[in-house]
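Novice: My questions will all concern the structure given below.
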Amino acid sequence: MVLFSCPLQSPTSPALLDKRHMEQNFPPVEQLQYIKNGATNMYEDSISRHLGRFVSQLTYEHLSKDQIYKVKTYFLDWIGSAIAGQDQPPIKIMLEVVHSLGGKPESTVIPDSSRTMSLLAAMVNGASSHVVEMDDLHRESIFHPAAAIMPAIFAMAEREHTPGRKLIPAIAAGYEVGVRIALAVGPSHYYYWHTTATCGTFGAAAGCASILGLDEERVAWALGSAGTQAAGLWEFLVESAMSKQLHAGKAALNGVLSALLAQKGFTGAQRILEGKKGFFRATSREFDESKCLKGLGKEFLFERNSLKYHASCGHTHSAIDATLDATGKRSIMPDDIQEVKVYIYQEALDLLREVKPETPYLAKFSLPFCIAMALKYGHVEFTDFSTSRLKHPDIIQLMRKITLHSDSEFTRAYPNKWPARVEVITRDGITLKGTSDYPKGDPENPLSEEELFKKFKTLTDGLISRTASETIIERAMNLEVISDVGKFFLDTEKDY
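In the working numbering, the protein residues as written are 3 to 498.
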């Protein structure tokens with residue numbers, strides 16, 4: 003028995019299906035009424051209406067134990083990133099502006115434990131969770147779901163005093179909608195558009211609509227309003243502008259706003275995705291709208307999420323792991339190296355060619371810097387991105403010895419794989435080789451629970467107390483028993 007029946011069918015992928023999900027006793031499909039016998043209006047068969055039926059009908063009981071567990075790990079991972087961003091310059095500026103605006107204390111502003119209206123809390127929390135580049139990643143869709151979707155849903159859930167048992171399926175619904183739309187627009191969208199900002203807006207709206215209990219039509223309206231606000235351009239990379247954080251924050255804010263408007267009857271275009279002047283045609287040269295609905299309710303694509311292990315842009319991770327594979331995580335000094343050759347897919351090179359990063363943040367997008375860090379220290383951690391490391395003579399010398407190469411086979415494999423190969427040629431003529439198809443944290447190479455908790459504690463070390471850290475971990479991993487998400491941070495605020 004499956005959760006929904008969908009007019010666009012695809013073969014079942016064993017890699018994407020959880021056997022336990024298929025074995026559960028779901029409500030009969032005819033009771034859920036996902037497919038209607040005859041449309042009552044011209045929009046009832048739109049993609050947004052199909053997604054709306056999915057969102058409006060998904061409950062905690064439809065998720066397997068493993069899916070519920072994954073949602074809770076994503077939630078904890080997001081909170082860690084949101085706390086970690088609190089001292090970053092873009093977040094300090096945003097906090098100053100938000101506090102100057104005032105607002106009803108509906109939702110928690112995680113970076114400083116204050117409270118404000120849900121719209122503004124979602125914006126700050128989204129920006130803060132994206133700034134240290136440790137937020138999660140859905141590889142195939144080239145999309146960071148948490149930074150846009152989690153802050154919107156959490157802010158709405160606090161506002162509505164939602165129980166954790168309702169928050170969990172809302173997160174699953176938001177992720178599923180965002181990921182499917184990101185898959186539909188494909189890699190060509192990513193050339194100009196930041197998928198986290200654009201597709202994240204849809205996911206945020208869907209998750210918030212779930213919290214509010216909107217019916218399928220109002221979910222579609224929310225998606226329509228989300229789509230007309232979905233934006234975020236890559237030009238900020240040229241100047242290392244702070245826009246990337248605004249992208250995540252505004253996606254979250256717009257998701258909250260779209261759902262609240264729909265709740266009150268504010269209509270949105272129900273063919274915002276596939277319409278002649280809709281999102282797909284406006285933002286993608288090669289879109290496939292069928293990916294929005296194939297297997298919907300049978301395959302939960304949000305399960306294919308990656309939790310970052312290295313504190314840098316996700317496109318650096320396979321090359322970092324390949325370097326560590328080549329060196330055995332041993333420290334290698336510049337004088338011992340003749341040359342380092344990095345082979346990777348072209349899309350990574352388009353983003354990561356920065357050879358002289360001027361700031362720690364830019365260094366997260368510099369493949370030579372990240373490889374140099376892996377060579378010298380045997381790791382690339384959150385605390386490694388500092389001004390002192392940027393100026394370290396060994397790092398500078400190592401970066402000069404690194405050459406970057408596009409590999410056509412790797413480019414063809416992208417985005418289903420983000421592969422890399424590294425060759426470290428030593429002074430005595432020995433070539434150390436390493437490869438990585440699935441870096442640490444990918445679904446094929448996941449973090450253990452112990453590694454996840456360690457990551458959370460590393461991100462929050464010195465920012466919250468050890469007691470607060472343990473409390474947050476315990477609550478996140480038992481999210482389903484919390485009666486009011488608005489009290490999630492209760493008794494931890496004073497420890498920030």
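We put the CB at the ideal spot given by N, CA and C, even for glycine.
Can you check which of these residues, Pro-153, Arg-306, Gly-267, is closest to Gly-251 by C-alpha distance?
Specialist: Pro-153
Novice: Can you name, in chain order, every residue of its own chain whose Cβ lies under 6 angstroms from the Cβ of Val-483, other than the five neighbours on each side?
Specialist: none
Novice: Taking the C-alpha atoms as reference points, what is the distance between Glu-383 and Tyr-363?
Specialist: 13 angstroms
Novice: Could you name the residues that DSSP lists as bridge partners for Asn-307?
Specialist: His-140
Novice: Would you kindly work out how many angstroms separate the C-alpha atoms of Asp-493 and Gln-265, rounded to a whole number?
Specialist: 32 angstroms
Novice: Tell me the DSSP bridge mates of Tyr-440?
Specialist: DSSP output for Tyr-440 lists no bridge partner at all.
Novice: One question on the structure: do Glu-291 and Phe-302 come within less than 7 angstroms of each other, judged by their Cβ atoms?
Specialist: Taking 7 angstroms as the Cβ cut-off, Glu-291 and Phe-302 do not qualify as a contacting pair.
Novice: Starting from Tyr-177, follow the alpha helix (DSSP H) in both directions and report where the run begins and ends.
Specialist: 166-192
Novice: Between the segment 216-235 and the segment 45-56, do three or more beta carbon pairs fall short of 8 angstroms?
Specialist: yes
Novice: With a threshold of 8 angstroms on Cβ separation, who are the neighbours of Arg-332 within its own chain once the five nearest residues in sequence on each side are excluded?
Specialist: Gly-380.
Novice: Residues in the same chain with beta-carbon distance under 8 angstroms from Pro-165, minus the five sequence neighbours each way, listed in chain order, please.
Specialist: Excluding sequence positions up to five before and after Pro-165, its CB lies within less than 8 angstroms of the CB of Ile-484, Ser-485, Asp-486, Val-487, all in the same chain and listed in chain order.
Novice: Given the structure, does Val-100 come close to the ligand MN, in the sense that its CB is under 6 angstroms from one of the ligand's heavy atoms?
Specialist: No copy of the ligand MN appears in this structure; indeed no ligand is present at all.
Novice: Whole angstroms is fine: what's the gap from Lys-403's alpha carbon to Pro-113's?
Specialist: 39 angstroms
Novice: If you run the structure through DSSP and keep just helix, strand and coil, what is Ile-213?
Specialist: helix
Novice: Under 7 angstroms, do Ser-83 and Ser-143 count as touching if we go by C-beta distance?
Specialist: no
Novice: DSSP on Thr-385, reduced to helix/strand/coil?
Specialist: Thr-385: helix per DSSP, three-state reduction.
Novice: Whole angstroms is fine: what's the gap from Gly-128's alpha carbon to His-394's?
Specialist: 32 angstroms
Novice: Tell me, please, whether the segment 145-159 touches the segment 368-377 by the rule of three or more beta-carbon pairs shorter than 8 angstroms.
Specialist: no
Novice: Tell me, please, whether the CB atom of Tyr-440 is closer than 7 angstroms to any CB atom in chain D?
Specialist: Structure shown: chain D not included; a single protein chain is present.
Novice: Exposed or buried, which one is Gly-330 when buried takes at least 16 other CB atoms within 10 Å?
Specialist: exposed
Novice: In chain order, what are the residue ranges of uninterrupted beta strand (DSSP E) at least 3 long that sit wholly in the segment 345-409?
Specialist: Contiguous beta strand (DSSP E) elements confined to the segment 345-409 occur at 404-408, taking only those with 3 or more residues.
Novice: Helix, strand or coil, according to DSSP, for Arg-477 in the structure here?
Specialist: helix
Novice: Taking the alpha helix (DSSP H) that Ile-85 falls in, what are its first and last residues?
Specialist: 67-86
Novice: Taking the beta strand (DSSP E) that Arg-161 belongs to, which residues open and close that run?
Specialist: Here Arg-161 belongs to no beta strand (DSSP E); instead the alpha helix (DSSP H) covers 147-162.
Novice: Which first and last residues belong to the beta strand (DSSP E) in which Ile-427 is found?
Specialist: Following the DSSP letters along the chain, one finds Ile-427 inside the beta strand (DSSP E) bounded by residues 422-428.
Novice: In whole angstroms, what is the alpha-carbon distance linking Arg-429 and Ser-242?
Specialist: 36 angstroms
Novice: May I ask you to list the residues that DSSP assigns as paired with Glu-341?
Specialist: Ile-427
Novice: Look at the Cβ atom of His-140, then the Cβ atom of Asn-307, and state whether they are nearer than 7 angstroms.
Specialist: yes
Novice: Reducing DSSP to helix, strand and coil, say where Val-466 ends up.
Specialist: Residue 466 is actually Ile in this sequence, not Val. Of the three classes helix, strand and coil, the one that applies to Ile-466 here is strand, per DSSP.
Novice: Keeping to the same chain, check which residues put their C-beta closer than 6 angstroms to that of Phe-491; ignore five residues upstream and five downstream.
Specialist: Thr-110
Novice: Given that a residue counts as buried once 16 or more other Cβ atoms are within 10 Å of its Cβ, and exposed if not, what is Leu-185?
Specialist: buried
Novice: Roughly how many whole angstroms lie between the Cα atoms of Gly-280 and Arg-273?
Specialist: 7 angstroms
Novice: In angstroms with no decimal places, state the Cα-to-Cα distance between Ala-175 and His-319.
Specialist: Going from the Cα of Ala-175 to the Cα of His-319 covers about 28 angstroms.
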